[in-house]
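So for the sequence shown, this note's numbering puts the first residue at 249; every next one is plus one.
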Amino acid sequence: MPFAAAISEHPVPATALGEVVGQLLEEIGVGVDLVCFFVTPQHAGALEDMAAAVQTILDPQVLIGCAAEGVVGPGIEVEHGAAVSMWGGNVGPVESVRLEVVDAPGGGKALAGWPIDLDYVPAGAILIGDPFTFPAGALFDVLNRAGGFPRVTGGMASAARGPGGNRLVLGDQVYSDGAIGVLIGAGESVWIENIVAQGCRPIGTPYVVTRCEGNVIYELGGKPALARLNQMVRTALNDVDMGLAQNGLLVGLGDEQLVVDEQEQSFASDDFLIRTLLATDPLAESLTIGDTVSVGTTLQFHVRDSEAASIELETLLADRDADATLLFTSNGRGSKVFEVPSHDAGAIALNLESPPTAGFFTTSEFGPMRGANLEHGFSASLALFTEQSQR
């Protein structure tokens with residue numbers, strides 16, 4: 249088996265690191281292609297020393313990681329308390345990535361660091377960003393327009409509440425801005441598959457955006473957007489949906505190509521890209537959402553629903569195999585949504601026969617959908633690794 253994963257909840261950083269490193273040494277040895285490790289905020293102050301130790305002892309080709317609000321291990325999620333999670337494996341050709349925002353020659357800002365002179369075509373990428381300084385959408389726009397892009401999995405670090413507080417690991421270096429990651433080549437040894445489970449359920453009626461500006465929506469189906477929302481709340485929600493809506497409404501954005509018949513048409517949750525409803529403006533009768541939108545986009549309101557989220561994830565995992573997984577799950581999921589502890593990690597263990605698994609809780613998640621790299625909210629984004637010999 250070319251993969252291994254371990255987790256320790258010991259409160260002393262050196263001891264916790266020793267436990268997980270020791271298990272990886274025993275199972276896969278030194279010099280593997282990729283090692284990922286994630287720590288909770290209780291261990292963030294020791295991250296520089298921990299990264300240097302991992303690089304020295306395990307000697308991976310690429311080492312990446314971060315501090316996060318919570319971490320994921322094999323079959324378990326640790327949302328509170330100290331923990332270190334580690335994952336390693338032989339995945340084929342790898343290239344480290346360090347992205348940062350720099351001054352552009354002609355003025356303005358640019359994102360620098362994406363490797364362009366590789367001797368292989370990347371099949372996948374794992375990226376970890378700082379939500380305050382890394383414009384993931386700008387990178388994805390470039391990759392998506394270029395075509396032949398690597399499928400990007402990962403997410404934004406969640407250990408800090410302001411700029412400069414996050415910690416991103418690349419080799420024996422620790423950064424507080426931009427993004428770090430790894431490009432993975434299309435080798436003969438491992439196949440990578442991606443899953444994005446958004447964990448939401450559509451409610452009410454789908455509408456077409458008929459007037460908007462940036463991330464502000466003024467009209468839905470030719471009427472004021474706030475009036476549409478209020479009408480839905482008054483007439484279309486049962487008691488269960490009303491309770492879920494009070495915990496925060498979400499907005500699903502569909503393709504402009506979706507043609508909406510408001511009397512007959514209905515969509516499933518995976519037809520939409522989920523975004524947060526940030527604010528309402530009674531004077532302008534508008535809605536402000538967590539993304540830009542264009543006229544012609546199909547929009548439907550959504551709620552977070554634990555039962556729907558469980559069914560969606562289990563459906564996506566059904567009939568799949570994996571020798572190892574990396575999980576990047578929203579910090580809006582976990583115990584905030586599910587009554588069952590370690591829900592997402594547990595679903596992976598149950599449906600995929602307990603593969604080596606690691607990951608962390610994010611502020612937003614990266615994962616491909618509809619042939620494009622996208623940034624998500626309230627989702628679980630997975631990279632599934634399978635030995636080619638097992639396919």
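C-beta: ideal position from N, C-alpha, C; glycine also.
message: Once DSSP output is grouped into helix, strand and coil, what is the label at S612?
response: Counting from 1 along the sequence shown, the entry for residue 612 is found at position 364. DSSP places S612 in coil when its eight states are reduced to three.
task: Would you identify the three-state DSSP class for F586, choosing helix, strand or coil?
output: Counting from 1 along the sequence shown, the entry for residue 586 is found at position 338. Of the three classes helix, strand and coil, the one that applies to F586 here is coil, per DSSP.
field: Beta carbon of G323 nearer than 8 Å to that of S583
entry: Taking the sequence shown and counting its residues from 1, one reaches residue 323 at position 75. Taking the sequence shown and counting its residues from 1, one reaches residue 583 at position 335. In this structure, S583 does not lie closer than 8 Å to G323 by Cβ.
field: Under 8 Å between C-beta atoms of T605 and A253
entry: Within the sequence shown, numbered from 1, the residue matching residue 605 stands at position 357. Within the sequence shown, numbered from 1, the residue matching residue 253 stands at position 5. Yes; because the gap between Cβ atoms is below 8 Å, this pair is in contact.
query: If you check the beta carbons only, do S590 and F626 fall under 8 Å apart?
result: Position 342 of the sequence shown, counted from the first residue, corresponds to residue 590. Position 378 of the sequence shown, counted from the first residue, corresponds to residue 626. No, Cβ-Cβ distance for S590 and F626 is not below 8 Å.
- prompt: When the Cα atoms are used, what is the spatial distance from H328 to R415?
  reply: To locate residue 328, count along the sequence shown from 1; it is residue 80. To locate residue 415, count along the sequence shown from 1; it is residue 167. Taking the straight line from one Cα to the other gives about 18 Å.
- prompt: How about A407 and A315: are their beta carbons less than 8 Å apart?
  reply: Reading the sequence shown from its first residue, position 159 is the one you call residue 407. Reading the sequence shown from its first residue, position 67 is the one you call residue 315. Their beta carbons are under 8 Å apart, which means A407 touches A315 by this criterion.
message: The alpha helix (DSSP H) that contains D592, what's its start and end?
response: For this step, residue 592 is matched to residue 344 along the sequence shown. Taken as a continuous stretch (DSSP letters only), the alpha helix (DSSP H) holding D592 covers H591 to N599.
field: Cβ separation of D281 and Q309, assumed to be a contact under 8 Å, to the nearest whole Å
entry: The count along the sequence shown starts at 1 and reaches residue 281 at position 33. The count along the sequence shown starts at 1 and reaches residue 309 at position 61. Confirmed, Cβ separation roughly 5 Å.
field: R393, enclosing alpha helix (DSSP H) - first and last residue
entry: In the sequence shown, the residue the question calls residue 393 occupies position 145. Here the alpha helix (DSSP H) through R393 covers A384 to A394.
Three-state secondary structure assigned by DSSP to T458: The sequence position of residue 458 within the sequence shown is 210, counting from 1. T458 falls in the strand class under three-state DSSP.
message: Buried or exposed, going by whether 16 or more other CB atoms sit within 10 Å of the CB of Q446?
response: Locating residue 446 in the sequence shown gives position 198, where the first residue counts as 1. Burial call: buried.
query: Nearest to V269 by CA position, among P616, H291, D307 and P259, is which residue?
result: Position 21 of the sequence shown, counted from the first residue, corresponds to residue 269. Comparing C-alpha distances from V269 to each of P616, H291, D307 and P259 shows the shortest one belongs to D307.
field: Residue from D539, L564, E533 and A299 whose Cα sits closest to the Cα of L501
entry: Walking along the sequence shown from the start, residue 501 turns up at place 253. Nearest of D539, L564, E533 and A299 to L501, Cα basis: D539.
query: For M490, is the classification buried or exposed, using 16 other Cβ atoms within 10 angstroms of its Cβ as the cut-off for buried?
result: For this step, residue 490 is matched to residue 242 along the sequence shown. Per the 10 Å Cβ criterion, exposed.
Residues that DSSP places opposite Y423 in a beta bridge: For this step, residue 423 is matched to residue 175 along the sequence shown. In the DSSP output, where bridge partners are listed per residue, Y423 has L416.
message: Could you give the first and the last residue of the continuous beta strand (DSSP E) run that contains A527?
response: Working through the sequence shown from its first residue, we reach residue 527 at position 279. Per DSSP, A527 belongs to the beta strand (DSSP E) from L521 to D529.
field: Selected residue, minimal CA-CA separation from D487, among I451, P411 and T458
entry: Counting from 1 along the sequence shown, the entry for residue 487 is found at position 239. Ranking the options by Cα distance to D487, first place goes to I451.
query: Quick one: what does DSSP say G321 is sitting in, helix, strand or coil?
result: For the purposes of this step, residue 321 is taken as residue 73 along the sequence shown, with counting starting at 1. Here G321 sits in strand by DSSP.
query: Alpha carbon to alpha carbon, how far is E635 from A294?
result: The residue you call residue 635 lines up with position 387 of the sequence shown. The residue you call residue 294 lines up with position 46 of the sequence shown. Spanning the alpha carbons of E635 and A294 requires a straight line of approximately 34 Å.
message: Could you tell me the alpha carbon to alpha carbon distance between G429 and N338, rounded to whole angstroms?
response: Walking along the sequence shown from the start, residue 429 turns up at place 181. Walking along the sequence shown from the start, residue 338 turns up at place 90. Cα-Cα distance, rounded: 16 Å.
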